[in-house]
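**Student:** Reading the sequence shown from the start, the letters are residues -3 to 240 in our numbering.
Pasting in a structure now, in structure tokens, and then I'll have a few things to ask.
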Amino acid sequence: AAALMFCATASLGYVLNDWIDRKQDAQHPTKCNRPIPSGDLGFRDILLLGALLLSVIFFFSFNFFPNLKLSLCLFAYIIMTLAYSLGLKKIACLEIFLIAFFFVLRVLAGGFATGIRISNWLFSTVFFLALLITIAKRKSEILTLGPGAVNHRKSLAQYSLPFLNHFLWAMACVSLVTYALYTVENGHNLVYSILPATYGVIRFLMLTENGKGGDPILTLIKDPHLVISTMVFLALVCYKIYVA
């Protein structure tokens, strides 16, 4: 139930952001095919979808209202999503950190809902990995759109490729270090998952050099190296959880 509630909250944020950015997204070579920028969904459709998502959020929120930490996490996510969509996304660097923090809030919400303590190292790993993915998306936008990138996203005017490259490699290193510390903290066989994780991150960095990484999910499922490294990584994690 908590997962459905947070999925509905995240979806509402995406819908709002896509509606606000519909004119800019219509100029993007791939985002123009989305339902809102392409015009497949009109204002009335967005209102109905928003009402449906709000209904789901309120329905499940009553079940978790006694859980103060989860309620505060959800409230913070909604407020920050609104602030991001209405203006903070135009501020360079801040918009990247906000997106990364959204992922951290989801992890924290999962911990609060299940009562599982979130390790400080896991918290750090998720944050730095989210920064890595977001920076890769910004780099891909600049490489794909060229001089017209600023018309798509105002914050891109303040980024340069050398800056993003340095930022990208720094976050890759930090995320791997924090994950390594997390595996050592947990002990047993989880430490072996560092190997496929490192290979996957390095492979992702190599793909970003060619302008890929704009859509991390598509990059993951289309690249055989990332698919295999992810499968090995998940197999080792499952072995640690269910066998070791």
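The beta-carbon is built from N, C-alpha and C at its ideal position, and this holds for glycine as well.
If you compare alpha carbons, which of F56, E91, F54 and L70 is closest to S151?
**Tutor:** It is E91 whose Cα lies nearest to the Cα of S151.
**Student:** Find the nearest neighbour of N185 within the set V233, D219 and V197, judged by alpha-carbon distance.
**Tutor:** Of the candidates V233, D219 and V197, the one whose C-alpha sits nearest the C-alpha of N185 is V233.
**Student:** Could I get the ranges of all uninterrupted alpha helix (DSSP H) runs contained in the stretch 98 to 173, with 4 residues as the minimum, in chain order?
**Tutor:** You should have 116 to 141 and 145 to 148.
**Student:** Which complete alpha helix (DSSP H) runs does the stretch 13 to 96 hold, if anything under 4 residues is left out?
**Tutor:** DSSP runs (the alpha helix (DSSP H)) wholly in the stretch 13 to 96: 18 to 21, 39 to 60 and 64 to 82.
**Student:** Using the Cα positions of V122 and F163, report the straight-line distance between them to the nearest angstrom.
**Tutor:** Approximately 16 Å, taken between the alpha carbons.
**Student:** Taking the alpha-carbon of V180 as reference, which of I213, L118, D211 and I131 has the nearest alpha-carbon?
**Tutor:** The option with the nearest alpha carbon to V180 is L118.
**Student:** Kindly provide the ranges of any alpha helix (DSSP H) runs that are 4 or more residues long and lie completely inside the stretch 207 to 231, ordered along the chain.
**Tutor:** Segments of the alpha helix (DSSP H) lying fully in the stretch 207 to 231: 212 to 218.
**Student:** Since T140 and G38 should fall inside the 8 Å C-beta cutoff, what is the C-beta to C-beta distance between them, to a whole number of angstroms?
**Tutor:** Not a contact, Cβ separation roughly 28 Å.
**Student:** Give the secondary structure of E205 by DSSP, where H, G and I count as helix, E and B as strand, and everything else as coil.
**Tutor:** It is coil, neither helix nor strand.
**Student:** What does the Cβ neighbour count give for S156, buried or exposed, with the cut at 16 atoms within 10 Å?
**Tutor:** Counting Cβ neighbours within 10 Å, S156 comes out exposed, since fewer than 16 surround it.
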